[in-house]
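Heads up, the sequence shown is in my numbering, so the first residue is -17 and it goes up one at a time.
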Amino acid sequence: MGNIFIDDTKFVKDQYKNSNGLSTRISIHDKYSTNKMGLHNWYFTVMKLEEGMRVLELGTGSAVMWAKNRDVIGKLSQLVLSDMSEGMLAEAKKNLGELPNVKYEVIDIQDIPFEDNTFDVVIANCMLYHVPDINKAVSEVRRVLKSGGCFYAGTSGQNGVLETIADILEQDISYENNFSLENGGEKLEPFFTNVRIERYKDSLEITNIDDLMDYIYSGITFEKSCTLSREEVREKLLSNMVDGVLKLPKDPGMFVAW
């Protein structure tokens, strides 16, 4: 099954108007992931952020990645944290506060309001699959990157949590993911000379099904697509637990393009 995805700007804006749903989705990974490094910490082992760099993050959300790695911020000359949602940016400011080298801006990746060759690094994690025109978005990223600059784009593959849940429930709730680990490379290659994938090995071991229920119903697609009632979903998930644990694979990774 492919990744769960809806190409509907209104749904996406509704989902990300504040951090409630995002916080729910992050918390289950913090609580039940088997790889204790944590995805956000792993990102910083892949990204090469050096002293004096100018960095732009698109789709920063609540800036939880930076809140967990504050030491990196201080060595940058400028960090622009952006999102299409003013609510998300408000949460980012709340989490990080006002810092002398950090700016918060509402930005659409398809129309980045900076001059050519502005940034050493651009980051867009777990957001390109929501963008209506990926070619335009990546073109804009390439434009604002300096010569020799690097683009980091986190996403997931086709063998993740929601795909496994859909199989368990025997529900056809998959939608085309137009920027996954399987197809994202072909979207980047026209704009970058070099593109590689880094993968993060992880899984979930769920011991409280109610936490998982909160997770799967926190997004924009599951409830609209699943034909089962919430109680039926809960019972099916409970029936798949072994010794009180439901094991679910995760399939995250990151494209590095330059």
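For glycine and all other residues, C-beta sits at the position ideal for the given N, C-alpha and C.
Contact set for residue i: own chain, Cβ-Cβ below 8 Å, skip 5 residues either direction
i: I191; result: R216, L219, L220, M223, L228
i: I198; result: L144, I147, F204, V215
i: T16; result: D184, S185, L186, E187
Extent of the continuous beta strand (DSSP E) run through residue i
i: A135; result: 127 to 138
i: Y86; result: 84 to 88
i: V227; result: Premise fails: V227 is in no beta strand (DSSP E) and is neither H nor E.
i: M236; result: 234 to 239
i: F101; result: 101 to 105
i: I179; result: 177 to 181
i: E73; result: Where E73 is concerned, there is no enclosing beta strand (DSSP E), although the alpha helix (DSSP H) it sits in stretches over 68 to 78.
With 16 other Cβ atoms within 10 Å as the buried cut-off, status of residue i
i: D65; result: buried
i: G56; result: exposed
i: P172; result: exposed
i: I91; result: buried
i: E168; result: exposed
Euclidean distance between Cα positions of residue i and residue j
i: G130; j: W240; result: 6 Å
i: N247; j: I155; result: Coverage of the chain is limited to positions -17 through 240, which leaves residue 247 absent and any answer about it impossible.
i: V62; j: E152; result: 43 Å
i: D93; j: S44; result: 21 Å
i: V(-6); j: I8; result: Since pLDDT at V(-6) reaches only 48, below the 50 mark, its modelled position is unreliable, and the value read off the structure follows with that caveat. Between V(-6) and I8, the C-alpha separation is close to 17 Å.
i: D196; j: G69; result: 21 Å
i: R124; j: E97; result: 11 Å
i: W48; j: V54; result: 8 Å
i: M236; j: L31; result: 15 Å
i: S59; j: N99; result: 15 Å
i: F101; j: G34; result: 11 Å
i: V278; j: E164; result: As displayed, the chain neither begins before -17 nor continues past 240, which places residue 278 out of reach and without an answer.
Same chain only: Cβ atoms within 6 Å of residue i, ignoring 5 sequence neighbours per side
i: I188; result: Y14, L194, L228
i: D233; result: S138, G139, N141, G142
i: I105; result: E39, Y134
i: C208; result: Q153, I155
Short CB-CB distance (under 8 Å) between residue i and chain D
i: I55; result: Included in the structure is just one protein chain, with no chain D present.
Residue range of the alpha helix (DSSP H) that includes residue i
i: I91; result: First-last for I91: undefined, no H or E at that position.
i: S59; result: Where S59 is concerned, there is no enclosing alpha helix (DSSP H), given that its DSSP letter is neither H nor E.
i: I147; result: 143 to 151
i: L21; result: 21 to 28
i: L194; result: 191 to 198
Cβ neighbours of residue i in the same chain (closer than 7 Å, five flanking residues each side left out)
i: G226; result: T189
i: L71; result: D65, Y86, V88
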